[in-house]
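For the record, the sequence lines run as chains A and B.
Each position in the first sequence, counted from 1, maps to that position plus 3 in the working numbering.
Each position in the second sequence, counted from 1, maps to that position plus 87 in the working numbering.
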Amino acid sequence: MEILVCAKRVPDTSENEIELNSAGNDIQRDDLVYSINESDNYAVEEALQITGKVGGHVTVVTVGGEDDEEILRREMAMGANHGVLISDDAFNGSDGKGIATILKAFVRKGNYDLILTGVQAEDGAAQVGGMLAAMLDYPFASLVNSIEVVDGGKLTISREIEGGNREMSEIDLPCVLSIQTGINEPRYVGMRGIRQVASVPIPTPSASELEIDPATVGRPAAKVKRVDYFVPALGKGAEMLQGSREENVAKLIELVAAKGGLK
Amino acid sequence: MLEGIYSPAQASYGPIPGRVLFSIIPLLGVACFSYIVGKRIVPLLRGAADSRLDHAAVRLMRVLRFWLGQWKQPRYWVAGVLHIVIFAGFLVLAARSASLVIMGVSEHWVLPGFSGTGGHWYGIAKDYAATLVFLAVVIAAIRRLVFKPARYAVPARYGRSHTAEAILVLALIAILMVSESLFQASQAVFQQELPLLSLVWIFKNALFSAPPRLLVELHAGAYLVHELTFFAFLCFLPLGKHFHVVTSLFNVYFAKLDREALKPVKWGISDAQLEQVKSFGVTAFEDFTWKHMLDFYSCADCGRCTDQCPANSVGRPLSPRFITIKARDYAFQHYPMFGSANNGTPLIGGIYSADEIWSCTTCGACEEECPLLLEYIDKIVDLRRGMVDGGNVPQTLQKPLKALESRGNPYGKMEKKRADWTKAKDFQTSCAVSILDGKNGAETLYFVDSITSYDDRIQGIGRATAKILDHVGENFAILGAAEKDSGHDVRRFGEEMLFIALRDHNVDAIKASGVQRIVTADPHAYHALKHDYRDVPPVEHISQVIAREVKAGKLALNKVEDDSKVYTYHDPCYLGRHNRIYDDPRDVLDAIPGLQRVEMSRCRDRSFCCGGGGLMLFYEPKEDQRMGVVRVRMAAEAGANVIVTACPFCMVNIEDGIKVAGLEGKMTALDLTELVAQQITCDGPKAICGQECVRV
Chain A
4 MEILVCAKRV PDTSENEIEL NSAGNDIQRD DLVYSINESD NYAVEEALQI TGKVGGHVTV
64 VTVGGEDDEE ILRREMAMGA NHGVLISDDA FNGSDGKGIA TILKAFVRKG NYDLILTGVQ
124 AEDGAAQVGG MLAAMLDYPF ASLVNSIEVV DGGKLTISRE IEGGNREMSE IDLPCVLSIQ
184 TGINEPRYVG MRGIRQVASV PIPTPSASEL EIDPATVGRP AAKVKRVDYF VPALGKGAEM
244 LQGSREENVA KLIELVAAKG GLK
Chain B
88 MLEGIYSPAQ ASYGPIPGRV LFSIIPLLGV ACFSYIVGKR IVPLLRGAAD SRLDHAAVRL
148 MRVLRFWLGQ WKQPRYWVAG VLHIVIFAGF LVLAARSASL VIMGVSEHWV LPGFSGTGGH
208 WYGIAKDYAA TLVFLAVVIA AIRRLVFKPA RYAVPARYGR SHTAEAILVL ALIAILMVSE
268 SLFQASQAVF QQELPLLSLV WIFKNALFSA PPRLLVELHA GAYLVHELTF FAFLCFLPLG
328 KHFHVVTSLF NVYFAKLDRE ALKPVKWGIS DAQLEQVKSF GVTAFEDFTW KHMLDFYSCA
388 DCGRCTDQCP ANSVGRPLSP RFITIKARDY AFQHYPMFGS ANNGTPLIGG IYSADEIWSC
448 TTCGACEEEC PLLLEYIDKI VDLRRGMVDG GNVPQTLQKP LKALESRGNP YGKMEKKRAD
508 WTKAKDFQTS CAVSILDGKN GAETLYFVDS ITSYDDRIQG IGRATAKILD HVGENFAILG
568 AAEKDSGHDV RRFGEEMLFI ALRDHNVDAI KASGVQRIVT ADPHAYHALK HDYRDVPPVE
628 HISQVIAREV KAGKLALNKV EDDSKVYTYH DPCYLGRHNR IYDDPRDVLD AIPGLQRVEM
688 SRCRDRSFCC GGGGLMLFYE PKEDQRMGVV RVRMAAEAGA NVIVTACPFC MVNIEDGIKV
748 AGLEGKMTAL DLTELVAQQI TCDGPKAICG QECVRV
């Protein structure tokens, strides 16, 4: 099975202290460390597990610049067969639809049975996967937390429904799925693995190579524009229970029950 | 000689002359033994390289101490003494056994030097040796069958009990002793003076009125039984745990000399070449080095390692004993006596589980105990290297490893905040810590390491350390943002490449700083700087500095305020067992006037690990209880209400342990530096410690 995973490089929320910049329209980006978006990493692991079982190849693609190459290398060290960096100045300032347009052009150039995205980028809006599927006229399922390949060009997938229930569906290939974290346990990528793929060439197709009309992507085409970015004021602080251990336990049970946490 | 008593060579066994029979048995026995040993050597030849041929003199001294001297045996008193008796008896009886075998073909042959007076005294020695061995074997059998020490038990998940094998061997040894004595007694009934109360003396007296015919048959029969048992025993040795009788000498000779240093990924491969190495660490049995395989063969199954293992005692799925026994059984099964070897199957998921291998805190208790000097930490680390390289790392460890890669600390905190611990309000005014940033120079580097830099609670240890260094007039500074994690535990968790990156960064920063020596309060950093790093200035642990200053009279310590406190010192594994610093911290405690100190039953080289440092804090083991809780209870049992330690990770685990054990308010934990900073007497112009100065 030929699988394409769309990935994004994002500031690592666990390793950064996210602060606003002085203009108040973005976060302070000096001193940030980046990594692959967490759910995208799960999507790559899932793709590797699928091809491990049924054969095929895994390609990881991202839209961006030179800096974004690091996540492709990491995923290749993990086992992905190919990494592709779609890069063109014309893409700067694309909104979600713009990114989906770029990815659609790339998908059209290839021959993929299955396209995976993370459920949502940590700095994103969970929109590209759905738009990409619509543009390709492929079936789409979001929040997927298990995939099983069944014969005859179909998958059985399960999705987590609010409240912890699971919904099982059958979906035709080719399709686009957005992958939920927790679908698997991604393998570890050590420094050795990354260095071993350090010199593997990564193709960087441009807008013209992918036959993308520059007017449909980038800042000019973006219809969603960020106008502000702020940290919401902190609400009331945590409540400290003050009393004996027994009293605290009783109070805690009461509070949790009042919020519907105990049935 | 009694009429009719023939030497075995002259006797006949039915139609077969003794000389023929006793030529065939040894030939067959030796051939069989050689075949088995040859088969046992096959995997060793396929194992990884391991350079163990250096320092012959040092190795021989160790053979004298640990093999001949049985140095570690008395650590378990009863079993140790029994073993020493049997071992010494075997050594004494070796000459007798050799001459007995030769006697089967040549009746007049005597070992050189064993005729005349020498022979007389040897005769007495070997008679008592046989008697004592017999007694030891009987006692050992009774222990096994009646008293059943817990450490010999085989938990169900590891298969069947090993008692049958043990008893069989004890029985074989007993038969050897009895048949040898009977052989001699049946000949000596009338003429020889025999050593009083020896086995042979007892038999001789019992046979005093036996008919001559019986004596003749007994003499010939005892010899045959001895000969058959001897060679059966010889061939049985390489089939089980008694292989150690043969291999122990070699295992001790080739044992690792520098226990502190971790084994390189592959011997003879430089760090720069590691990227190109095909496989990393141990995934298949043949990835073990030949010496590690010899370890598996040499294990005597005494169970001391597991008995001491803190991970095992809290119910983690790790038993050092079965790390070895399972690998030995793997070798026996995959390199069979007949047919070809079927090797190369993965060990993790096969004989070991991943949890088993991650459960180890590398505390070194097992290695400290092993009478045969088996190595465990290197094997565990090699297995982890294999898992890391294959991507098989628990999710809980992946985040801190990733953060170490991008931020140089496992918490993912910003580099520029690494020195923030020095900026605490009251502290900064009293004790300014300068940063080696190219403008400031210093003689001494205080290497802080990650936990002390970033953990709110542990930062106190950093400030106490700085205060002490300042107080004794040390010209010191820190690296600040230029310092990265020492990588000590990164390496022990198998991520060698990340360790190398961290080490190289720190070595460059240390060299660029121009310092002449390094001090740290973190035993893990101390160990890494001292043994894992190369070409850095000499390093000391703060407890050594304090002890020296106290002895030199440069550091006076106040009397303890509350004399109802009873202190106990917990040896951190990487200060104590791994670096043998046991006395300095105790000397410091004892230099505090009025301080009442008790020892826990497990202290010094038998210290009980707090739960492990570095990445172990992130790992979520499967366990019944926490090691820290067990340790805190040990302190309570010893009658202490203050646990003093000298390691930031011990502090985290012990303070957790106090909470979980429900001893809050009754038990406190204190780092040695915190205690000393608290007791510092300010004298003279350097009264800048920020504390209220009290003169003694």
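A virtual CB, placed ideally from N, CA and C, is assigned to each residue, including glycine.
On a predicted model such as this, the values are computed, not experimentally measured, just so you know.
The C-beta distance from B:S446 to B:P708 rounds to 5 Å, short enough to meet the 8 Å contact threshold. In terms of CA proximity to A:G264, A:G166 leads the group A:L23, A:G166, A:E69.
The Cβ-Cβ distance between B:E267 and B:A212 does not fall below 8 Å. The residues Y422, M424, in chain order, have a CB closer than 7 Å to that of B:K126 in the same chain once the five nearest residues on each side in sequence are set aside. Under DSSP, B:Y533 shares a beta bridge with B:V606.
Leaving aside the five residues that flank B:A725 on each side, the residues in its chain whose CB is nearer than 6 Å to its CB run, in chain order, T655, V685, M687. A:E151 is bridged by DSSP to A:T159.
Sequence-distant partners of B:I545 (beyond 5 residues in either direction) whose C-beta falls short of 6 Å from its own C-beta, in its chain, are I538, T539, P735. Between A:T184 and A:Y45, the C-beta spacing is below 8 Å. A:D33 is outside the set of residues whose beta carbon lies under 8 Å from a beta carbon in chain B. Residues of chain B with a Cβ closer than 9 Å to the Cβ of A:S38 are, in chain order, K489, S493.
E188, P189, R190, Y191, V192, G193, M194, R195, G196, R198, Q199: these are the residues of the region 172 to 202 of chain A whose beta carbon lies less than 8 Å from some beta carbon of chain B, given in chain order. In the structure shown, A:V87 adopts extended strand secondary structure according to DSSP, grouped into three states. Taking the Cβ atoms as the reference, A:R195 lies roughly 4 Å from B:M584, within the contact range of under 8 Å.
When the alpha-carbon of B:Y163 is set against those of B:A98, B:R673, B:R231, B:G390, the nearest one is in B:G390. Between B:V287 and the set B:R300, B:P298, B:H306, B:G134, the nearest pair of CA atoms involves B:H306.
DSSP, reduced to helix, strand and coil, places B:Y163 outside both helices and strands of the structure shown, so it counts as coil.
Under DSSP, A:N168 shares a beta bridge with A:I164. Residue range 755 to 758 is occupied by the beta strand (DSSP E) that includes B:D758.
Residues R77, A80, M81 of the same chain have their beta carbon placed closer than 6 Å to that of A:V192, with the five preceding and five following residues left out of the count. Counting only the Cα atoms, B:P487 lies some 7 Å from B:L702.
If you look at A:E5, you'll find it isn't in any alpha helix (DSSP H); it sits in the beta strand (DSSP E) that goes 5 to 9.
At a Cβ-Cβ threshold of 8 Å, B:I633 and B:V675 count as neighbours.
Between the alpha carbons of B:Y669 and A:E48 lies a gap of roughly 48 Å. Inter-segment contact for the region 129 to 149 of chain B and the region 380 to 387 of chain B is present: three or more beta-carbon pairs are separated by less than 8 Å.
By the criterion of a C-beta distance shorter than 7 Å, A:Q130 is surrounded in its chain by G99, once the five residues flanking it on both sides are discounted.
Taking the C-beta atoms as reference points, A:I39 is found no nearer than 8 Å to A:A83. Membership of A:C178 in the beta strand (DSSP E) is indicated by the continuous run 178 to 182.
B:V364 and B:I467 have their C-alpha atoms spaced approximately 20 Å apart. For B:N562 and B:E742, the gap between their C-alpha atoms comes out near 32 Å.
Between the region 346 to 358 of chain B and the region 455 to 472 of chain B, the count of C-beta pairs closer than 8 Å reaches three or more; the two stretches touch. Within chain B, the C-beta atoms nearer than 8 Å to that of A:S17 come from K486, A490, G499, in chain order. Among the residues of the region 583 to 616 of chain B, those with a Cβ less than 7 Å away from any Cβ of chain A are M584, L585, A588, in the order of the chain. Interface annotation, A:M81: in contact with chain B, CB-CB separation under 8 Å. As the crow flies, the alpha-carbon of A:V87 is around 24 Å from that of B:G477. DSSP places B:S385 inside the alpha helix (DSSP H), whose first and last residues are 377 to 385.
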